[in-house]
Every structure is written in C-alpha cells, then in structure tokens.
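Step one of this worksheet: look at the structure below.
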Amino acid sequence: MEFSAFSKEAAQNASKYDWKNFQNETVKRLFEKISSLGFSAVNDTEKLRLISNLEASLTNMYSTGKVCNIPGESTCLELEPGFKDTGEYWRSWYEVPTFESDVRNLYNELSELYQHLHYYVRQKLRNKYNADVFPATGHLPAHLLGNMWAQQWNNIYDLVIPYPSAGRVNITKAMLDKGYNITYMYQVAEDFFKSIGLQPMPERFWTESMLEKPADRDVVCHASAWDFYNKQDFRIKQCTSITEDQLMTVHHEMGHVIYFLEYMNQPIIFRRGANPGFHEGMADIVTLSFQTPEHLFKLGLVDSVPGPNDTDADINFLLRMALEKVAFLPFGYLIDQWRWSVFKGETTPNKYNQKWWELRCEIQGISPPVNLYRDEEYFDPGAKYHIPGNTPYIRYFVSYILQFMWHKSLCDVAGHTGPLHRCDIYQNRAAGEKLREMLQLGSSKHWSEALFTVTGSRTMSAAPLIEYFQPLLQWLKKQNGNADVSWNKACPQNEPPSSAAIIKISVSLTFISLIFVFLF
Ligand code: X8Z
Ligand code: ZN
Numbered sequence: 333m334e335f336s337a338f339s340k341e342a343a344q345n346a347s348k349y350d351w352k353n354f355q356n357e358t359v360k361r362l363f364e365k366i367s368s369l370g371f372s373a374v375n376d377t378e379k380l381r382l383i384s385n386l387e388a389s390l391t392n393m394y395s396t397g398k399v400c401n402i403p404g405e406s407t408c409l410e411l412e413p414g415f416k417d418t419g420e421y422w423r424s425w426y427e428v429p430t431f432e433s434d435v436r437n438l439y440n441e442l443s444e445l446y447q448h449l450h451y452y453v454r455q456k457l458r459n460k461y462n463a464d465v466f467p468a469t470g471h472l473p474a475h476l477l478g479n480m481w482a483q484q485w486n487n488i489y490d491l492v493i494p495y496p497s498a499g500r501v502n503i504t505k506a507m508l509d510k511g512y513n514i515t516y517m518y519q520v521a522e523d524f525f526k527s528i529g530l531q532p533m534p535e536r537f538w539t540e541s542m543l544e545k546p547a548d549r550d551v552v553c554h555a556s557a558w559d560f561y562n563k564q565d566f567r568i569k570q571c572t573s574i575t576e577d578q579l580m581t582v583h584h585e586m587g588h589v590i591y592f593l594e595y596m597n598q599p600i601i602f603r604r605g606a607n608p609g610f611h612e613g614m615a616d617i618v619t620l621s622f623q624t625p626e627h628l629f630k631l632g633l634v635d636s637v638p639g640p641n642d643t644d645a646d647i648n649f650l651l652r653m654a655l656e657k658v659a660f661l662p663f664g665y666l667i668d669q670w671r672w673s674v675f676k677g678e679t680t681p682n683k684y685n686q687k688w689w690e691l692r693c694e695i696q697g698i699s700p701p702v703n704l705y706r707d708e709e710y711f712d713p714g715a716k717y718h719i720p721g722n723t724p725y726i727r728y729f730v731s732y733i734l735q736f737m738w739h740k741s742l743c744d745v746a747g748h749t750g751p752l753h754r755c756d757i758y759q760n761r762a763a764g765e766k767l768r769e770m771l772q773l774g775s776s777k778h779w780s781e782a783l784f785t786v787t788g789s790r791t792m793s794a795a796p797l798i799e800y801f802q803p804l805l806q807w808l809k810k811q812n813g814n815a816d817v818s819w820n821k822a823c824p825q826n827e828p829p830s831s832a833a834i835i836k837i838s839v840s841l842t843f844i845s846l847i848f849v850f851l852f
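Per the working numbering, the sequence shown starts with residue 333, numbered consecutively.
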C-alpha cells in the first residue's frame, strides 16, 4: 500500500513536466516508466488493499506449498527445493551428488602416503628435540612443523632432510643474492605464463595491484586475486616479501589472474572456474614445474641439476615437495569436514573447539601446541583465515588432486620423458595451448568436460599424485621399516594421564607430605 502511494505521488510529480517532448531519450524513458502505474493507479483504496492481499496470499501459498505422498520419500518436499544448509550450497558448486563421498574416497587413497611421511618426520624430530615432548599417542605437536597452522611443512625441510650432503641450496638466499625485488618476482611469474603462450598481465594490473604491505594502514594480508569483470581491471593484493614461499604465492595469485583473462569473453555468469577447485588448481599448476631442479637451474637459483642416477638428491627433492604438497592433504580435507558438520547442526556451538581438535588429531595426526585441553574457552578454527573470512576450503583439496592430473597430462603433451616429478613445462607452447583450451571454457561446461579437454578423463583421480611421489613412498617405507605408522584417533589430552605421569605426581606428593611431617 505504501509503495502504491509512493508510485502515485511520483507519477503526479512527473505529470508536471512536458516529458513527452523531452529531447534526452534516457530521461524521457525514465519519466515514461515513472508514469506507468499499473495496479497502483487504482483509486479505490479498498480495492487496492484487496488486490495486494490476494497477491500476498497467493505468493504465500506457492512458497509454503508442499508435495506429499511421494513414493520412497518419508517427508513432503518443497515446490522449489532450496539447500538444507550452507554446506550443501557450497558443495552444489561441484555439481555431483556424490561429492562428499568422492573426496572421502580420494583422501583414503592418499592417506598411506601421508602416514609414511608423518611417521618419518616424527622420527626425525624426535631425534632433534627431547623425545619427552612427543605424545605416546603418535601425534606430532603442531608447533614443531614450521607453519602457524601446521598445514605445510616445507619450512622444516632442513631438520628432516634425508641426505644432508646432497642438500638443496636455500632458494630465499639465492633470490636475495641475485638481487630479486618484489616487482621482479611478478615478472618472473609472468615470464613463465608467457613462455607457454598465455597472456601477459594487462597494463592496469601493474598500476592498480597492491603488491606490498602499505605502511600507512592495516590491510588484509592474506594474498588474493581480483577480477573486476570489466575486461581491463585485474589485480593481486599481496603483502609480498622476498622469500621462496612468497615466490610460490606470487605464481599462485597470477595463476588466478591468468584464468580470469582466459575466460574473459564468456558471458558473465560463466566467468568463473569450472568449479572452485579448478581455480585453485590452475593457480598452483606452475609451482610443480617451477620447483624442479631443472627450472631453478635455468633461473640461476641453483648451481647444478642432479644427474639421473643421483637418487639421494632426487629423494631430497621429493621429500621437499612432499612437505609442501602431501602434508597439506589432510589439512585441505578436514577444514570443511569441520564446517560442514557445523552447518548441518551436528556440531553445536558448545563443541566447536572440541570437534576441531578431534579432526586435527584424527586426520592430521597433530596435537595442540600447548599441553592443555583446548576447551570451548578457545575458538582455534578462528585462527585460520578462511574460517572468519567465510571462504570454503575443500577447493584446495580438490586443487591438489587436479594439479597433479593436469601436470601429468601437460607433461605428456610436452613430450616429457623420465619421472613425472622432474618435468618442467616452461616454454612449451603445446602444453600451454592445451591448458588454454580448458581455461577458456570458464564454467560454461560441467567441470568433467573441462577436465576431459586436458586429461582425457571425466573423473578426479589420485593416481597422478601417487605416481609423482611413488619413488619417495618406496623410500619412506624402507626407512620406516615394519613400524606401525599410524597414530591414535583421539587427541593425547583426552586420555587419562600416562602411568609415568601418575608415578611422578605421587612421588612429588609423598615428598611434600614428608616435608610437612618433618616441619610440624
Ligand atoms: O588461501 C590460499 C591462497 C589464496 S586462494 C593464498 N591458499 C590456501 C591457504 O593459504 O590456506 C593457497 C593454499 C591453501
Ligand atoms: Zn588461490
């Protein structure tokens, strides 16, 4: 009713002007629309109220209507089914009804590799630190892994390197020695994409991006890439510093921009990744070529390339990659296990932190850094950017599956011979062209079709990732011998104190009581 009154008043105001003779077509069109009242023109308020009420009740009937007595369905269904919860909505982007079990199966295929890495790292760290700090449950204390979230462990490479004498040089140091600056890091990344025939960064990228942390204000430093959807303005926002890790992130973010550029000519609805995992996978794909000794040598960041029989150096390299890529798998998998369970209402607010650590202990095999039970006074999930930032996370797990699939296929196209982990697609136009074919589709086709263009497969497979790390897995199995490489499901804190601890406490208590007896 209020809207009708408002429309009427606007039409009356418009009628004071001779708008039919206006010269400006846009303003004329505006007046024409304001003057066209429809139902609001009805002067009889009672009639108008009747029309409004009728419309509201019909809409209400439609939206609350249920379809019942469907064979095989125990409940009535809504006319326009929505999502049960936000998790279901997020998963719908993957357009497969079995998505939850698909990722579970993929994770299960990869867990053997992770468990062997986990056990190896644990033994190495036990030798380095006092064995006391390692819980008997087999968990790895989260603060020993060189990363705030224990999600990637490459920063402790020096502590767990298999063959120190065949060691890899420190890339960060080599970058500084070669005089790398921030702009140069982005030029190096751009050069890689250009070398396989992909587009350079547009001019405005260089002027509008935020590549350095500003000194005068607080910003979100978590790196991101932005498509302004006007075909000209594409940016990266990153507080770049000159380190090896950051150089990989530069390639990651630029990979996102390359995808934006490639699907730019699709209708706006299709200007996105085939699914969110595709965008992240595309962002990472170059990191697999870039980090090969062959590529680092081309850039002058290492002095030599290990020969085909230098297995020590090869294992060192693969272990370094595993600390980055394999260590991430359970983390990438579990974050949304927690969130989906929250969205489903299975994990209630009084169990948020408990559930978080249940998953971290069970799936990642890590334990809280501080030796106390992380109760609900804390909200540890909030310390990971994507939780407060409301960014879905399973995309990164999917991305890790995809990037190895694509890497394998593109290396085949490039005619690479030899082990997959030593393939560098730099300067290979044929590989770039193949990748481009997929990127240009945006989301105009189901992701399985996009995947098919590069890999010839319509389903996700963990096999290429396993193939890449196969020599390392065999080596780890030898190192770990016949040991049981698993850990307990439950966190160490949730167990009763060990008998050793009970003895310690009772000895101290006896000692204290003796002092009392002696004094009094
Ligand atoms: O958030 C990111 C990117 C932006 S999409 C920097 N990543 C995840 C993370 O940092 O937790 C990349 C790898 C995983
Ligand atoms: Zn990303």
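Positions of the beta carbon are idealized from the N, C-alpha and C atoms, including for glycine.
With 16 other Cβ atoms within 10 Å as the buried cut-off, status of residue i
i           : result
residue 568 : buried
residue 648 : buried
residue 554 : exposed
residue 398 : exposed
residue 702 : exposed
residue 821 : exposed
residue 681 : exposed
residue 609 : buried
residue 829 : With a pLDDT of 46 at residue 829, under the threshold of 50, the modelled position of this residue cannot be trusted; read the value that follows with caution. By the 10 Å Cβ count, residue 829 comes out exposed.
residue 657 : buried
residue 679 : buried
residue 515 : exposed
residue 386 : exposed
residue 594 : buried
residue 412 : exposed
residue 480 : exposed
residue 382 : exposed
residue 326 : Coverage of the chain is limited to positions 333 through 852, which leaves residue 326 absent and any answer about it impossible.
residue 831 : Because the pLDDT at residue 831 is just 49, under 50, the model does not fix this residue reliably, and the value given afterwards should be weighed accordingly. Exposed, since its Cβ has fewer than 16 Cβ neighbours within 10 Å.
residue 853 : An answer regarding residue 853 cannot be provided, because it is not within the stretch 333 to 852 covered by the chain.
residue 612 : buried
residue 410 : exposed
residue 740 : buried
residue 735 : buried
residue 713 : buried
residue 415 : exposed
residue 564 : exposed
residue 484 : buried
residue 539 : exposed
Given residue i as reference, the closest of the options once Cα atoms are compared
i           : options               : result
residue 801 : 627, 448, 400 and 365 : 448
residue 465 : 747, 418, 698 and 804 : 698
residue 586 : 633, 533, 677 and 495 : 533
residue 368 : 381, 357, 388 and 339 : 339
residue 599 : 371, 618 and 561      : 561
residue 570 : 558, 633 and 416      : 558
residue 641 : 423, 754, 421 and 677 : 754
residue 686 : 711, 373 and 721      : 711
residue 812 : 393, 446 and 388      : 446
residue 334 : 384, 354, 366 and 346 : 384
residue 787 : 738, 816 and 763      : 738
residue 646 : 752, 542, 673 and 572 : 752
residue 426 : 542, 777, 817 and 796 : 777
residue 579 : 521, 563, 551 and 354 : 521
residue 596 : 667, 428, 542 and 771 : 771
Beta-carbon separation (whole angstroms), residue i vs residue j, contact threshold 8 Å
i           : j           : result
residue 453 : residue 438 : No, residue 453 and residue 438 are not in contact; Cβ-Cβ is about 22 Å, not under 8 Å.
residue 663 : residue 696 : 6 Å
residue 470 : residue 819 : 3 Å
residue 361 : residue 529 : That pair is no contact at about 46 Å.
residue 566 : residue 589 : 5 Å
residue 507 : residue 576 : 7 Å
residue 618 : residue 524 : 5 Å
residue 512 : residue 543 : About 13 Å separates the two Cβ atoms, so there is no contact after all.
residue 795 : residue 442 : That pair is no contact at about 10 Å.
residue 733 : residue 797 : 7 Å
residue 435 : residue 665 : 7 Å
Proximity test, Cβ basis, 8 Å: residue i and chain C
i           : result
residue 425 : Among the chains of the structure shown, chain C does not appear; only one protein chain is present.
- Query: What is the chain-ordered set of residues for which the beta carbon lies under 5 Å from any non-hydrogen atom of the ligand X8Z?
  - Reply: Shown in chain order are the residues whose CB sits closer than 5 Å to a heavy atom of the ligand X8Z: 555 and 728.
Problem set entry | Lining residues of the ligand ZN - beta-carbon closer than 6 Å to any non-hydrogen atom, in sequence order | Each of 584, 588, 612 and 615 has a C-beta closer than 6 Å to some heavy atom of the ligand ZN; these make up the full list, in chain order.
task: Spell out a yes or no on whether the stretch 794-809 and the stretch 453-468 are touching, meaning 3 or more CB-CB pairs, one atom from each, closer than 8 Å.
output: The stretch 794-809 is not in contact with the stretch 453-468.
| said: Count Cβ pairs between the stretch 598-608 and the stretch 724-741 that sit closer than 8 Å; are there 3 or more? | reply: Yes: the two stretches touch, three or more of their Cβ pairs being nearer than 8 Å.
Does the count of Cβ pairs from the stretch 686-695 and the stretch 742-757 closer than 8 Å reach three? With a cut-off of 8 Å, the stretch 742-757 and the stretch 686-695 do not count as touching, because too few Cβ pairs lie within range.
query = Touch check for the stretch 754-762 and the stretch 620-636: three-plus C-beta pairs under 8 Å?
reply = The stretch 754-762, when compared against the stretch 620-636, does touch it at the 8 Å Cβ threshold.
Quiz item: Hey, is the stretch 541-548 in contact with the stretch 486-502, meaning 3+ C-beta pairs nearer than 8 Å?
Solution: Result no; under three Cβ-Cβ pairs closer than 8 Å.
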